[in-house]
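> Structure provided below as structure tokens; questions to follow.
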Amino acid sequence: MLTDNNQRLLIFVPAYHAESTIASVISRIPESLLDHYEVTVLIIDDCSADSTFEKSHEVARLDCTPFPIRVLYNPVNQGYGGNQKIGYRYAIENGYHLVALIHGDGQYAPERLPEMLTAFEEGSAEAVFGSRMMTPGGALRGGMPMYKFIGNKILTWIQNRLLHSKLSEFHSGYRIYSVAALKTIPFERNSNDFHFDTEIIIQLMIAKKKIVERPIPTYYGDEICRVNGIAYAANVVLATLKSRLQGLGILYDRRYDCAPDSLDHYTPKFDYTSPHSLALARVPAGSRVLDLGCAGGYMGAALIERKACTVTGVDAFPLKDDVALDEFYHLDLNEGLAGIPVPRHDTILCLDVIEHLASPECFLEQLYQSLERNPGVELVISTANIAFIVQRIMLMFGQFNYGKRGILDITHTRLFTFATFTNCIQQAGFRIGEVKGVPAPFPLALGDNWLSRTLLAINTALIRVSRSLFSYQIYVTAKPVPTVRFLLETTLKASEERASALIAA
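So the sequence shown is numbered by my numbering: it starts at 1344 and just counts up by one.
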């Protein structure tokens, strides 16, 4: 509950050519805020050519408001977004708890601040946005031009669809942020232009911050609109689309790399075609399974539950609390397989692991050597296909960006095609069995719905046309070729047995 006078609220007023409106805006800030907050007003004049800076200082000197006022001046125009960055950095550096954004042109009513702040007092918000669209017909009655109203509605609809959100408006500049929330997102990487507001919303959503909307009145006076509507709309859609593509693992932009850390590095993929579902179907019931890079243990748990297998897991991260395997070794596979009872297993799983290793060749060679006494074991192994059509297209446009997920996961150290992957396995001493192309995980990216299932079916059909071009992942089974030393031992033993039989005869 933010009802303590020790809670510090910064009312930030970015101002540009606002000499005729700034005094009115400041005078309308409700004095009642002092009942709950320690309030400071910060005005930053963004290199205005008029007397905005002087007028703001005059307001501060006249003592016409109960709040202390600090006036700053940008010697170089930073733009709408750039000015906000400075204000939010000021709030962070000076220990404020909340920062409220009010435009210097008077377009947003300062009188509504107490109502908007109640969302923080109820403990349900990390950002509160004033919305002109929550009251039916209110925006038009307040003077919003019809073309802006329609544009606002269309853009908000597009953004909600792409981001799976339900905001009534993305384009209001009346906002209050928790400073703690601002600290968790890289807002300083955002645009200096007007679509800064869209980018910061996207960052808050990615960071899983709670956004609450409150209805506000609409006011359009004779202020000059400095927004190029067409350019703004294009930038908004581009920013939203880029963030969505990043969520699908296709693009990467560091400004949208702000999702909270999670120990769930991988998600089980059993309900559609994936290396996990293929492996689950292939492993015989009752097998002894070694799951290398078991990623939380979900695969092993499914094998135990569905096929009564005995499973040993190995991973650099601990098992999930609700997962239990027969054995578990907490080990980084880059350190080798020392101490792991590899030979006693029937099936070895290495699903989506090999691309994370510093030296896949050395790892596979060590694995092969450890199986010298067990040539009947089957290796089930998968990796991403760098020759996937999307990656080829991106490369045509000069894009080869690593990200948090997908084929170009930032933790991937090696990339393979079908040919290089099977060669790597063969050259380590394994005989290739089954080789399959795996479609993209559309249900994981888009949710399990008709669209994702349709795309999955199309992708599966295209893999039959060109496995190399349309496979998102590569799935391979293999068995170790008997070592020469093992063959020599077998020969010697067989020879002794034959010789003994001859003597006996």
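Beta carbons are placed, not taken as given, at the ideal position from N, Cα and C, and that holds for glycine.
1. Short check: CB of residue 1711 to CB of residue 1771, under 8 Å?
2. Cβ of residue 1628 within 8 Å of Cβ of residue 1552?
3. Helix, strand or coil for residue 1338 per DSSP?
4. What's the gap between the Cα of residue 1402 and the Cα of residue 1461?
5. Starting from residue 1575, trace the alpha helix (DSSP H) in both directions and tell me its first and last residue.
6. Report yes or no: do the segment 1409 to 1429 and the segment 1495 to 1505 share at least 3 C-beta pairs separated by less than 8 Å?
7. Smallest Cα separation from residue 1666: which of 1642, 1683, 1677 and 1358?
8. Does the Cβ-Cβ distance between residue 1548 and residue 1508 come in under 8 Å?
9. So, residue 1457 versus residue 1371, is the Cβ gap smaller than 8 Å?
10. Just the C-alpha distance for residue 1703 and residue 1697, rounded to the nearest angstrom, thanks.
11. Ordered along the chain, which non-local residues of its own chain (more than five positions away) have a Cβ less than 6 Å from that of residue 1531?
12. Between the alpha carbons of residue 1716 and residue 1591, how many angstroms are there, rounded?
13. By the DSSP assignment, the alpha helix (DSSP H) with residue 1380 in it spans what residues?
14. Can you tell me whether residue 1842 is buried or exposed? The criterion is at least 16 other CB atoms within 10 Å of its CB, across all chains shown.
15. Would you give the residue range spanned by the alpha helix (DSSP H) that residue 1400 belongs to?
16. Hey, how far is the Cα of residue 1394 from the Cα of residue 1795?
17. Go to residue 1775, then tell me how far its beta strand (DSSP E) extends in each direction, as first and last residue.
18. Could you tell me which residues DSSP pairs with residue 1357 in its beta bridges?
19. Determine the direct distance from the alpha carbon of residue 1355 to that of residue 1443, and round the result to whole angstroms.
20. At what residues does the beta strand (DSSP E) containing residue 1428 begin and finish?
21. Just mark residue 1364 as buried or exposed, buried being the case when its beta carbon has 16 or more other beta carbons within 10 Å.
22. Assuming residue 1595 contacts residue 1728 under a Cβ cut-off of 8 Å, what Cβ separation, rounded to an integer in Å, is found between them?
23. So is residue 1606 buried or exposed if we call it buried at 16+ other beta carbons inside 10 Å?
24. If contact is defined by three or more beta carbon pairs under 8 Å, each pair taking one atom from either stretch, is the segment 1803 to 1819 in contact with the segment 1720 to 1737?
25. Please report the straight-line C-alpha distance between residue 1387 and residue 1490, rounded to a whole angstrom.
26. Quick check on residue 1853: does DSSP put it in helix, strand or coil?
27. Residue 1676: which of 1699, 1686 and 1668 sits nearest, CA to CA?
Reading off the structure:
1. yes
2. no
3. Residue numbering for the chain in the displayed model covers 1344 to 1848; residue 1338 lies beyond these limits and cannot be assessed.
4. 28 Å
5. 1572 to 1590
6. no
7. 1642
8. yes
9. no
10. 6 Å
11. 1428
12. 43 Å
13. Counting along the chain, residue 1380 falls outside any alpha helix (DSSP H), and DSSP gives it neither H nor E.
14. exposed
15. 1395 to 1405
16. 57 Å
17. 1773 to 1781
18. 1387
19. 6 Å
20. First-last for residue 1428: 1422 to 1436, but that is the alpha helix (DSSP H), not the beta strand (DSSP E).
21. buried
22. Not a contact, Cβ separation roughly 18 Å.
23. With a pLDDT of 46 at residue 1606, under the threshold of 50, the modelled position of this residue cannot be trusted; read the value that follows with caution. Exposed, since its Cβ has fewer than 16 Cβ neighbours within 10 Å.
24. yes
25. 31 Å
26. Residue 1853 falls outside the range modelled here, since the chain spans only 1344 to 1848, and no answer is possible.
27. 1699
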